[in-house]
Each structure stands twice: as structure tokens, then as C-alpha cells.
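Yeah, the sequence shown ends on 186 if you go by full-length UniProt numbering, and it's all consecutive.
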Amino acid sequence: MRLPLIAPSDLSPDQRPLYEDMRDGIAKGFGGFVTQRDDGALMGPWNPWLQEPRIGKPIWDLTKALSGESTLPDSVRQVAILVTGAHFKAAYEIYAHVAVAQKDKLPNAKLATIVAGQRPADLSAEEGVAYDVAAALTGGGVLPELTYRAAVEAFGPHGAAELCYLVGLYCLVSVTLNAFDVPVPD
1 MRLPLIAPSD LSPDQRPLYE DMRDGIAKGF GGFVTQRDDG ALMGPWNPWL
51 QEPRIGKPIW DLTKALSGES TLPDSVRQVA ILVTGAHFKA AYEIYAHVAV
101 AQKDKLPNAK LATIVAGQRP ADLSAEEGVA YDVAAALTGG GVLPELTYRA
151 AVEAFGPHGA AELCYLVGLY CLVSVTLNAF DVPVPD
């Protein structure tokens, strides 16, 4: 880990409001995995964002918009996030979103296949679209027209856009986690 966790008592005046917003948002929407140390210091991507509040706050705002106001089914979101995390081999992201996906009742065999970088045969039609969009976008280049059309057909134009933004956000999350060598909690 390249950045020390910041105990709440050590927060700067610039960090405190972001910490409080993140702590409250995490408590409401990010359950099932470890997000903070016993003293309240935030772990995962939240610690690097907290280190740089000028940059971290807009990223957190985007995270809240794509999490709290999502129109996509939970399983679709988790498939897209896990495809992205697996592409980047972002350990904390994989750890956290496997836990969330298990809570959402996605089978372990399906999750293991995605985390291994492969497309499970038993994806629902919507999950398959999410997988294909995330795999294409993380692979680089323009999203193929047929894949884009499948996303619009499955989720409507706004849902397709949301799916693309979700993949982009989790590319950023993955890069953040990898850049600062954020570990999986013990």
C-alpha cells in the first residue's frame, strides 16, 4: 500500500467534508465487504480519493450518481464492474464486487468465470450485453456498433449510456487501486 490510511482524527479541513460524505454514502450503499479500519479510516479507492480531495470529490460524486441513481439491474452492474476489475486485475475491486454480486445472488461459478477473464455460458441476455460492452470497452477502441445497438435494445439509450459510464468509472477505480497498490483487507 503506497498511501497510509488517514484516521478521522488526522483529517485536514479540506478532507473532513469529503470523508463524512464518503463514510455516509458507503454505509448506505456499499455493504458486504470491508470499507474501513476499526478507527474509521477509509480503505479501498476511498483512501486515495480522500488524499486528494480536489480530485477525489468529483470522482466520489460520479460514483454516487452511478450507484445511487442507477437504472440498470444489479446483476448487470456487477457483471460489468467485475469484467472491468478482472481486466485490470484490481484486487480490491474484485474482492468487493464479488461480495456484492454474491449478495445479489449471482452464482459463484459465474463469478469465478468472469474473474478469470472468460465469458460464462449461463449469463442472462442482459448480463451478456453488459459483459460484451465491458469487455469491448476495456479491450480498447470503438465500441462495436452491434454491441452498442444490443445495449440500447436491452437498456434504452439512457441505460446504454449509463452502462458505458459505469465501465469508465470502474476503469478509473481499477487504475486508482492499482496505482496506489491498494490491498484486499485481511
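Where is the CB? At the ideal position from N, CA and C, for every residue including glycine. These figures come from a predicted structure and were not determined experimentally.
| query | result |
| --- | --- |
| Under 8 Å between C-beta atoms of GLU93 and TYR165 | no |
| Three-state secondary structure assigned by DSSP to LEU111 | helix |
| Proximal residues to ALA160 (C-beta, below 6 Å), its chain only, five neighbours per side dropped | ALA151, VAL152 |
| Nonlocal neighbours in the same chain, by C-beta distance under 7 Å from MET43, ignoring five residues either side | LEU5, VAL34, THR35, GLN36, ARG37, PRO185 |
| Assigned exposure category for GLY156 - 16 Cβ within 10 Å defines buried | exposed |
| Where the alpha helix (DSSP H) through THR147 begins and ends | 145 to 179 |
| Segments assigned alpha helix (DSSP H), at least 4 residues, entirely inside the region 61 to 145 | 74 to 88, 91 to 103, 108 to 115, 125 to 139 |
| For GLY40, the first and last residue of its enclosing alpha helix (DSSP H) | Note, GLY40: premise wrong, no alpha helix (DSSP H); not H, not E. |
| Cβ pair count under 8 Å reaching 3, the region 42 to 58 against the region 105 to 122 | no |
| Environment of GLU145 [buried if 16+ CB atoms lie within 10 Å] | exposed |
| Simplified DSSP assignment, three categories, for SER9 | helix |
| Own chain partners of ASP132 with C-beta closer than 6 Å, once the 5 adjacent residues on each side are dropped | THR147 |
| Supposed contact pair THR138 and THR84 - C-beta distance, whole angstroms, cut 8 Å | 6 Å |
| Alpha-carbon spacing of THR176 relative to PRO48, whole angstroms | 7 Å |
| Supposed contact pair GLY117 and ALA86 - C-beta distance, whole angstroms, cut 8 Å | 5 Å |
| Cutoff 8 Å: PRO48 Cβ touching any chain C Cβ | Among the protein chains of the structure shown there is no chain C, as only one such chain exists. |
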